[in-house]
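Visitor: Got a structure for you, written out below as structure tokens; questions coming shortly.
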Amino acid sequence: MQHVQQRREEFEKKECQLKESLMKFDKFFKENDDKRMRALKKLAFERGLQRQKQKEIAALKSGNELLKEEKQKLENRMKSLVKYRNFLEATVKESDDFNEISEVITRYEALSANLEDLKSTDQANNEIAESLSVDLHQYKEEKEEEKLTLTNELVDLRKMLEKYQAESRSRESVWEHSKNAEARRICKLNTLKGAINNMYRLVRMYQRYGDEAQENDLKGQLAVIQDFILDVDRITKEVKLKAKNAE
Numbered sequence: 001m002q003h004v005q006q007r008r009e010e011f012e013k014k015e016c017q018l019k020e021s022l023m024k025f026d027k028f029f030k031e032n033d034d035k036r037m038r039a040l041k042k043l044a045f046e047r048g049l050q051r052q053k054q055k056e057i058a059a060l061k062s063g064n065e066l067l068k069e070e071k072q073k074l075e076n077r078m079k080s081l082v083k084y085r086n087f088l089e090a091t092v093k094e095s096d097d098f099n100e101i102s103e104v105i106t107r108y109e110a111l112s113a114n115l116e117d118l119k120s121t122d123q124a125n126n127e128i129a130e131s132l133s134v135d136l137h138q139y140k141e142e143k144e145e146e147k148l149t150l151t152n153e154l155v156d157l158r159k160m161l162e163k164y165q166a167e168s169r170s171r172e173s174v175w176e177h178s179k180n181a182e183a184r185r186i187c188k189l190n191t192l193k194g195a196i197n198n199m200y201r202l203v204r205m206y207q208r209y210g211d212e213a214q215e216n217d218l219k220g221q222l223a224v225i226q227d228f229i230l231d232v233d234r235i236t237k238e239v240k241l242k243a244k245n246a247e
């Protein structure tokens, strides 16, 4: 029994030692795990920082390349402008009118401004010419319409006159038997005469056109009206010809 008791005590002692060892190992493991997590976080942070720095370095390199390209462009432009400067210097040297390059540039700017003014004036003149062309076209159309209207009225009046004159001649033989009809014919004839007289007076008012005819001289008045229409036609054709030549 004593031996068993001793073995039990040894076993309990070893069990306590084992528990202490397990607790120490667990503590050690947790501490190592915390250290490992902190190390991983630090490593991730450093890697992120490294990537950020690499991006910044790449951006700086790209910006540097752009600056180099811009510098090269400016240098090329400077080289291309040298020939213009040499040309201006040669111009000043050979010319008696200029003493400095700035004077040449000022003269060029003044000439450019004058050129723009001339372009504006030319554009304004073209607009005026176009407006006049439109007005001329409208005037020709109005005169054509007026001529056509007067011609149609003249034709109608001549037809009416011939008709009523024919009726008058046919009724002269039966005058005594058709007083009422003759009275109506005379009324129509007076209306026709009034229309011819009105047109004749209208033509005569237009710069006293044609020879003066008697009030009852319908043929003379119609001749004046016809001459006026022919002259209007001639003037219209002349205006068309001038407009065509101007174009």
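Residues in the sequence shown are numbered consecutively from 1, following the UniProt record's numbering.
Each residue gets a CB set at the ideal place from its N, CA and C atoms; glycine is no exception.
Values in this document were obtained by computation on a predicted structure and should not be read as measured data.
According to DSSP, is D96 part of a helix, a strand, or is it coil?
Guide: Indexing the sequence shown from 1 puts residue 96 at position 96. The answer is coil: DSSP assigns D96 none of H, G, I, E or B.
Visitor: By a C-beta neighbour count over all protein chains shown, 10 Å radius and 16 as the cutoff for buried, is Y200 buried or exposed?
Guide: Taking the sequence shown and counting its residues from 1, the one referred to as residue 200 is at position 200. It counts as buried.
Visitor: Is I196 closer than 8 angstroms to L222 when the C-beta atoms are compared?
Guide: In the sequence shown, counting from the first residue as 1, residue 222 sits at position 222. In the sequence shown, counting from the first residue as 1, residue 196 sits at position 196. Taking 8 angstroms as the Cβ cut-off, L222 and I196 qualify as a contacting pair.
Visitor: Tell me where the alpha helix (DSSP H) around N245 begins and ends.
Guide: Position 245 of the sequence shown, counted from the first residue, corresponds to residue 245. That run of the alpha helix (DSSP H) goes 218 to 246.
Visitor: Run the CB neighbour count on V224, radius 10 Å, all protein chains shown included, and call it buried at 16 or more, exposed below.
Guide: Numbered from 1 along the sequence shown, position 224 holds the residue referred to as residue 224. Buried, by the Cβ-count rule.
Visitor: Specify whether the segment 123 to 130 and the segment 144 to 162 touch according to this definition: at least 3 beta carbon pairs, one from each stretch, less than 8 angstroms apart.
Guide: Too few Cβ pairs lie closer than 8 angstroms, so no.
Visitor: Using alpha carbons as the reference points, say which of V239, L192, I235 lies closest to L218.
Guide: Looking up residue 218 in the sequence shown gives position 218. If we check each option's Cα against that of L218, L192 comes out closest.
Visitor: Hey, which unbroken runs of the beta strand (DSSP E) at 3 residues or more fall wholly within the segment 7 to 32?
Guide: The segment 7 to 32 contains no whole beta strand (DSSP E) run of 3 or more residues.
Visitor: Measure the alpha-carbon distance for M23 versus Q50 and round it to whole angstroms.
Guide: To locate residue 23, count along the sequence shown from 1; it is residue 23. To locate residue 50, count along the sequence shown from 1; it is residue 50. Spanning the two alpha carbons is a distance of roughly 40 angstroms.
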